[in-house]
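Q:
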Amino acid sequence: MRHSPHLPRTGHARRLALTTFIALGAALHFAPSARAASDAQSDPTGLWTGTLVTDQGNCPDQMESTLQIEPSRIAFTPGTGALILHGKPDKDHKHFHAQLMLTDMKKKPLPMVFEGHPDGQTITGEFGTPTCRAHIVMKRPESHTLDNFLGR
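Residue numbers -36 to -1, 1 to 116, in mature numbering (1 follows the signal peptide of the UniProt record, and there is no 0), belong to the letters of the sequence shown in order.
#1: Just confirm the distance between the C-beta atoms of residue 16 and residue 29, as a whole number of angstroms; I'd bet it's less than 8 Å.
#2: Drop a sphere of 10 angstroms on the beta-carbon of residue 19, count the other beta-carbons inside from all chains shown, and report buried for 16 or more, exposed for fewer.
#3: Compute the Euclidean distance between the alpha carbons of residue 78 and residue 10, then round it to the nearest angstrom.
#4: Measuring CA to CA, which of 86, 104, 52, 83 is closest to residue 34?
#5: If you run the structure through DSSP and keep just helix, strand and coil, what is residue 34?
#6: Is the CB-CB distance between residue 75 and residue 58 below 9 Å?
#7: Take residue 25 and list the residues in its own chain whose beta-carbon comes closer than 8 Å to its own, dropping the five residues that flank it on each side.
#8: If contacts are defined as beta-carbon pairs under 8 Å, then residue 154 and residue 80 qualify, I think. What distance do you get, rounded to the angstrom?
#9: Span of the beta strand (DSSP E) holding residue 11?
#10: Can you grab the Cα-Cα spacing for the pair residue 23 / residue 95, in whole Å?
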């Protein structure tokens, strides 16, 4: 079977596609991220992580907490990772509020609230429940450079 001069050769096309894919991936991986260099107020979109520091009560301070900020929603996951507090960002990125309302075993409301704000290269905040008060300083995770670059 003869090769048509109008169609790319399969082997050449695969090598070219693979080379292009590797080059693009390397460029995105090693390029300094503009998001990582920007402050939290001018560009808060992406993933932020930190560990809660208990001020009062019993708080989930043994594991890392996460804050995911997107243009139309916020999700804060306290250290347990089992519950997600939801909210919406304000337009000027000066305040972040997320909450989750549960009911305890006695049918009483059990609110969980996160309040945060940009502070230079970090987002600082407070987390509270009826039995916990904690503060947190969150940074963009260094191991997620590509995610931060793409705003994921």
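Even glycine gets a Cβ: it sits at the ideal position worked out from N, Cα and C.
A: According to the data block:
#1: 6 Å
#2: exposed
#3: 17 Å
#4: 52
#5: coil
#6: no
#7: 15, 16, 17, 18, 43, 98
#8: Nothing in the structure corresponds to residue 154, since the chain is present only between -36 and 116.
#9: 10 to 15
#10: 8 Å
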